[in-house]
Amino acid sequence: MLEGSTTRVIIHLDLDCFYAQVEQRRLQIPDGQPVAVQQWGPHVDTLGENRKPGQPFDRTHQKAILRRYRVASREIFAILGSVVSIIEKASIDEAFMDVTDMAKERLAQTTAFSSDFCQDSANHDTKVFGIDSEDNNDEDATDKDDSLQAFPLTDNERLLCIGAEISREIRHAVYSKLGYTCSTGIAGNKLLAKLASPLNKPNGQVVVASRFVTDLMKILPMRKIRGLGGKLGKQLESIYSSLDSGVSEQGEGAEETFKKLTAHTFLQHCGLAELTKHVGQETAAYVHRICQGNDDNEPVEEKKVQLKMFSCVKQFDQRSGSALVRVEQLEYWVRLLCEEVVVRCEDERIENKRFPSQLTIQFIRAKPGEKSRTYKLGIAQDTTVDELYTAAMNVMRLHLDSMFPMSTLIMNAKNFHDLDSQAVTTISSFFTRTAEQATQRMEEEIKQFAAKRDRDRSPTRKSNKQKISAFFGPSSSICNGDDTEATIITPSVSATAHSDSGIEATSTCTETASTSDHFCDECKRVVSEPRAEHADFHFALKLNQTQRNEAMASAGASRKKGPLDAFLRR
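Now the structure itself:
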């Protein structure tokens, strides 16, 4: 049996020098030849114009080309998805994978398991942290019991060994199909796997068992722990310096001390109670936990988190005098950004089945204290680069007097909507609205019919009719006898007469009815209105119910898969 129900096997995969590998593959640079991808500011791998020999780069006419890296990342994650079902994309070249179920299934099928994992030649690319003497920098490393050097000793550790086998298979699949090498960390949680993956680069992997976690936290700088490299990390370093009289908060010596400060050393000087005084109970508990290698079993988020927006940016170095000052320069860069926006929108449409409903163009002047200015643009799925460029320049030309010199130019895409759900919602809502409108029209007509019937039966109405009849004289179609039948004109609904506004009511159908009271089988009561008029009332109610059912059936049919769905998926 395993030592706990929460036992997990987590792999963190990190591509080795991802950008350089992409360029090596694109340019067909032989293996073993050094490759460097130049970077300045936020730009990676710039594309320059054709230059004559000896001509320097003109960085004011270059723009980072990042699409090839996104495409490469997409290819890599497609391979990962073919091997593992639970994947979390941590970045363009990083992924967390939960292979617990795969490892348990393989372990159940294994009849014998050797305890000399590290000595097996098949594991030459795998390093078990804590077994190799290089990992143990403390003075007590030589005093450890030799039995601790055996691996694996428990079912948990055997699971990690199988996780290492799965990790090797994944790395081999990526290399054999795409030619990229990657390094991995295998541990019981995401925090430890992330810390382990860079320890055997390049093209290697590291296993961290629970009995060696303390040793790992003794040698890793606290800044390398996820979540402790930013403002919180600075705050913790300040707390540490206040507790250790030999450490100053400023100067080169302090910076070197903080770079080497390990999580284990920090906890030795600042326990949970002391931490709580400085950062509060919740933050103190979080820091104390992760400094011990415990991330509270943070799950591998299988669901992909979509970006709320993306930006295409070009910054101009003010120190070199490359800020934009002319309309011609602006036109050049606006077109380049429009090209990138259109390409990335198309990527989002194909890869994530979504599209932005709003674009903005933004600029910042190259003057101290200047705030950015933003203007809205529209975009459709069939918008071309030329159309977007024209729209953007039309907006920018309205502000030429207030934009130069320009230090930053940005185009943002945001307010993404899901294309599939939008199509289904639109069609289904169309049928729903049609059904509701038809029902409302029919109910309104019935109300009007009933109101007219009540008015016709009222004493005032009859008195008025008698006065009008007396004025014009007796009618041949109306008899004054109480026991005779009268030929009356009553509204009647035609079952075949339809129009765009609903069911047409006709008033040309002549009925013969008795004015005496009668028992209605449908109402289960005695009614005093003419029999034919009351029958028409029930006919209208039945017709209303029939049309309501037909409308609801049409709305339901629209939600079933069929030719319409196939058309919408194109």
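With positions in the sequence shown counted from 1, the corresponding number in my numbering is that position plus 626. All C-beta atoms in this analysis are idealised placements derived from N, C-alpha and C, irrespective of residue type, glycine included. Predicted model, so just to flag it, every value in this text is computed and none were measured.
Between the alpha carbons of residue i and residue j, how many angstroms are there, rounded?
i	j	result
Ser699	Gly805	13 Å
Lys860	Ser867	11 Å
Phe703	Ser711	11 Å
Leu858	Gln1007	43 Å
Thr810	His895	32 Å
Arg975	Ala799	28 Å
Gln941	Leu956	12 Å
Val661	Phe722	27 Å
Ser1033	Arg945	10 Å
Thr891	Cys744	29 Å
Ile990	Arg696	28 Å
Leu1014	Leu692	20 Å
Ala1017	Ile1036	15 Å
Arg1151	Thr1172	24 Å
Ala776	Gly756	10 Å
Thr1010	Ser1028	28 Å
Phe739	Asp746	12 Å
Asp724	Val967	34 Å
Glu927	Gln664	33 Å
Val939	Lys929	28 Å
Leu862	Leu854	8 Å
Gly995	Asn920	44 Å
Ser836	Pro925	18 Å
Leu639	Val1021	45 Å
Gly658	Glu881	36 Å
Gln647	Arg794	19 Å
Lys803	Ile636	23 Å
Val1119	Ala1166	With a pLDDT of 38 at Val1119, under the threshold of 50, the modelled position of that residue is not reliable, and the figure given next carries that caveat. Val1119 and Ala1166: Cα-Cα distance of roughly 7 Å.
Going by DSSP, which residues form a beta bridge with residue i?
i	result
Pro982	Phe1042
Ile637	Met723 and Ile812
Leu1003	Leu985
Met1037	Cys938 and Ile987
Cys964	DSSP, once it has assigned bridges, lists no residue as partnering Cys964.
Val1152	Phe1145
Glu714	Phe722
Val754	Val833
Phe777	Asp742
Pro847	Thr888
Met1032	Leu950 and Arg991
What do you get for residue i, buried or exposed, if any count of 16 or more other CB atoms within 10 angstroms of its CB means buried?
i	result
Gln831	buried
Ser634	Residue identity check: residue 634 is Arg in the sequence provided, not Ser. Per the 10 Å Cβ criterion, buried.
Ala899	exposed
Asn786	As written in the sequence, residue 786 is Leu, which differs from the Asn given in the question. With 16 or more other Cβ atoms within 10 Å, it is buried.
Ser864	exposed
Phe644	buried
Lys816	buried
Glu783	buried
Gly789	buried
Lys820	buried
Asp742	exposed
Ser717	exposed
Glu731	exposed
Ser1154	exposed
Gly856	exposed
Asp1162	buried
Pro778	buried
With a CB to CB cut of under 6 Å and the five nearest residues on each side skipped, what residues in its chain are close to residue i?
i	result
His1164	Glu1148
Pro1031	Ala949, Val951 and Ala992
His904	Ile865
Asp719	Leu641 and Phe644
Within the same chain, show all residues whose beta-carbon is closer than 7 Å to that of residue i, passing over the 5 residues directly before and after it, in chain order.
i	result
Pro982	Cys971, Ile1005, Ala1039, Lys1040, Asn1041 and Phe1042
Leu901	Ala910, Val913 and His914
Lys1091	Legend: pLDDT at Lys1091 = 49, less than 50; position of this residue unreliable, no value from coordinates given.
Lys1168	none
Tyr801	Thr807
Taking only beta-carbon positions, decide if residue i is within less than 7 Å of chain D.
i	result
Gln907	Absence of chain D from the displayed structure is noted, only one protein chain being present.
Which residues in the same chain have their Cβ closer than 8 Å to the Cβ of residue i, if we skip the five residues on either side of it in sequence?
i	result
Asp870	His895
Glu977	Arg700
Asp922	Arg915
Asp1044	Lys979 and Arg980
His1025	Arg999 and Tyr1001
- prompt: Does the stretch 991–1004 come close enough to the stretch 894–908 to have 3 or more Cβ pairs within less than 8 Å?
  reply: no
query: Below 8 Å, can you find three or more Cβ-Cβ pairs linking the stretch 958–966 to the stretch 748–756?
result: no
query: Is there contact here, the stretch 841–853 with the stretch 885–892, by at least three beta-carbon pairs under 8 Å?
result: yes
message: Closer than 8 Å is the cut-off here; do at least three beta carbon pairs connect the stretch 834–844 with the stretch 945–960?
response: no
query: Do the stretch 647–665 and the stretch 817–832 meet, that is, are 3 or more Cβ pairs less than 8 Å apart?
result: no
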